[in-house]
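In this note's numbering, the protein residues as written are 4 to 322.
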Ligand SMILES: [Zn+2]
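Here you go:
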């Protein structure tokens with residue numbers, strides 16, 4: 004379907020929207036801050052962002068796509084679980100339908116990003132593309148044979164919660180040792196804090212960046228230090244890359260993808276993460292030497308992938 008569609012990306016502290024053309028171009032954007040917002044306030048922010056974009060558009064958008072960091076049931080009607088947002092069993096879709104009166108797609112933000120990379124980005128032409136978004140946690144999406152795969156209950160591709168370390172770090176999902184506890188921005192920060200506590204001398208340069216307060220070591224701080232050449236920070240980033248590669252090897256055992264696209268904030272570190280990931284993948288791929296493995300590539304659409312994908316999905320599903 005031609006015409007523009009609105010894509011909306013709901014993060015932990017903001018709602019960002021864009022008016023997106025059929026070829027994936029973002030014509031204009033709007034955003035609202037939602038720190039600590041209740042579901043009702045977040046819903047209000049979505050409606051405000053859509054109204055702002057629609058008012059500035061030449062014609063009424065063909066629909067609205069909304070991606071959020073939650074687990075949705077297959078229809079998008081209900082948020083089953085959101086580790087990082089204050090939503091449980093919220094009927095977001097029904098409420099938004101009533102207020103927006105436009106065709107609506109509601110789903111997981113990494114699913115939307117996977118679809119955007121498949122349609123317009125790093126996974127174009129792939130038979131089986133997997134998306135791995137590295138941010139606070141790990142998100143995932145699957146595009147197979149030209150279709151986004153959401154699973155029987157809507158929650159396929161949540162591989163941030165594959166157990167990679169028996170009895171490992173506690174995760175917001177209720178289990179221990181999940182992949183996202185070892186390969187994400189949070190993992191980067193946690194490992195840095197652990198080292199700062201156990202051997203402050205080794206972490207001296209890192210601690211200097213946060214006035215000696217280990218609790219202030221975030222993934223961003225470690226990433227900046229790594230980019231500035233700090234040896235320990237570079238080692239920690241490489242470790243995240245190794246865990247990433249190990250997880251991709253496990254995903255390859257199950258799904259045999261032709262391409263794995265790495266997106267999310269941590270992927271901005273580029274080869275510092277992807278290099279070690281490919282190296283570990285080569286050593287850990289089941290049946291290595293006797294089978295091809297997937298290409299591991301950086302996402303190309305950046306932070307707007309989620310809203311571009313959500314806009315395209317509502318167009319695809321209502322077209
Ligand atoms: Zn988990």
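From the three backbone atoms N, C-alpha and C, an ideal C-beta is built for every residue, glycine too.
Since we're looking at a predicted model, the values are computed, not measured.
For residue 162, the nearest candidate out of 280, 144, 148 and 268 (CA to CA): Your numbering for residue 162 matches position 159 in the chain shown. The shortest C-alpha separation from residue 162 is found at 144.
Do residue 66 and residue 281 have their C-beta atoms closer together than 8 Å? Position 63 of the chain shown, counting from 1, holds the residue named residue 66. Position 278 of the chain shown, counting from 1, holds the residue named residue 281. One thing to note: residue 66 has its Cβ no nearer than 8 Å to the Cβ of residue 281.
Three-state secondary structure (DSSP) of residue 100: Taking the first residue of the chain shown as 1, we reach residue 100 at position 97. DSSP places residue 100 in helix when its eight states are reduced to three.
Shorter than 7 Å, the distance from the beta carbon of residue 111 to the closest heavy atom of ligand 1, or not? On the chain shown, residue 111 is found 108 positions in, with the first residue counted as 1. When distances are taken from the beta-carbon of residue 111 to the heavy atoms of ligand 1, even the shortest one reaches 7 Å or more.
Hey, could you find the ends of the beta strand (DSSP E) residue 36 is sitting in? Along the chain shown, one-based indexing puts residue 36 at 33. Element bounds for residue 36: 29-36.
If I'm right that residue 269 touches residue 187 with Cβ under 8 Å, what's the distance once you round it to whole angstroms? To locate residue 269, count along the chain shown from 1; it is residue 266. To locate residue 187, count along the chain shown from 1; it is residue 184. Yes, residue 269 and residue 187 are in contact; Cβ-Cβ is about 7 Å, under 8 Å.
Residue 11 to residue 63 span [Cα, whole Å]: Numbered from its first residue, the chain shown carries residue 11 at position 8. Numbered from its first residue, the chain shown carries residue 63 at position 60. So the alpha carbons of these two residues sit roughly 16 Å apart.
When every heavy atom of ligand 1 is checked, does at least one fall within less than 7 Å of the C-beta of residue 164? Within the chain shown, the letter at position 161 stands for residue 164. Yes, Cβ of residue 164 sits closer than 7 Å to a heavy atom of ligand 1.
Determine the direct distance from the alpha carbon of residue 320 to that of residue 149, and round the result to whole angstroms. Mapped onto the chain shown, residue 149 falls at position 146. Mapped onto the chain shown, residue 320 falls at position 317. It is roughly 13 Å from the alpha-carbon of residue 149 to the alpha-carbon of residue 320.
Please return the same chain residues whose Cβ sits closer than 6 Å to the Cβ of residue 164, not counting the five positions on each side in sequence. For the purposes of this step, residue 164 is identified with residue 161 of the chain shown, where counting begins at 1. Hits under 6 Å: 176 and 181.
Any contact between the segment 240-255 and the segment 275-290? By contact I mean 3 or more CB pairs, one from each, below 8 Å. In short, these stretches touch, since the Cβ pair count reaches three.
Beta-carbon within less than 6 Å of residue 398's beta-carbon, same chain only, minus the 5 sequence neighbours each way: which residues are those? The displayed coordinates of the chain run from 4 to 322. Any statement about residue 398 would go beyond what the structure contains.
Reduced DSSP secondary structure (H/G/I, E/B, other) of residue 216: Here residue 216 refers to the residue found at position 213 when the chain shown is read from its first residue. Secondary structure at residue 216: coil, using DSSP grouped into helix, strand and coil.
Have a look at the DSSP bridge pairing and note the partners of residue 136. One-based indexing of the chain shown puts residue 136 at position 133. According to DSSP, residue 136 bridges with 142 and 266.
Taking 7 Å as the cut-off, is the C-beta of residue 46 nearer than that to any heavy atom in ligand 1? Here residue 46 corresponds to residue number 43 of the chain shown, with the count starting at 1. Not under cutoff, so the answer is no.
Buried or exposed by the 16-neighbour rule on C-beta atoms within 10 Å, applied to residue 120: Indexing the chain shown from 1 puts residue 120 at position 117. Taking all protein chains shown into account, residue 120 has 16 or more neighbouring C-beta atoms within 10 Å of its C-beta and is therefore buried.
So, are the CB atoms of residue 264 and residue 126 less than 8 Å apart? On the chain shown, position 261 is the one that residue 264 refers to. On the chain shown, position 123 is the one that residue 126 refers to. Yes, they are a contact pair.
Residue 110 to residue 69, Cα distance in whole Å? The residue labelled residue 110 in the question sits at position 107 within the chain shown. The residue labelled residue 69 in the question sits at position 66 within the chain shown. Cα-Cα distance, rounded: 6 Å.
To the nearest angstrom, report how far apart residue 306 and residue 267 are at their CA atoms. Along the chain shown, one-based indexing puts residue 306 at 303. Along the chain shown, one-based indexing puts residue 267 at 264. Distance from the CA of residue 306 to the CA of residue 267, rounded to the nearest whole angstrom, comes to 7 Å.
Comparing C-alpha positions only, which one of 107, 39 and 74 sits nearest to residue 9? Taking the chain shown and counting its residues from 1, one reaches residue 9 at position 6. Closest by C-alpha distance to residue 9, out of 107, 39 and 74, is 107.
Taking the alpha-carbon positions, what's the residue 6 to residue 24 distance? By 1-based counting over the chain shown, the position of residue 6 is 3. By 1-based counting over the chain shown, the position of residue 24 is 21. Approximately 6 Å between the Cα atoms of the pair.
Output the boundary residues of the beta strand (DSSP E) element that contains residue 70. Locating residue 70 in the chain shown gives position 67, where the first residue counts as 1. Counting along the chain, the beta strand (DSSP E) containing residue 70 begins and ends at 67-71.
Is it buried or exposed for residue 130, if we count other Cβ within 10 angstroms and need 16 for buried? Along the chain shown, one-based indexing puts residue 130 at 127. The C-beta of residue 130 has fewer than 16 other C-beta atoms within 10 Å across all chains shown, which makes the residue exposed.
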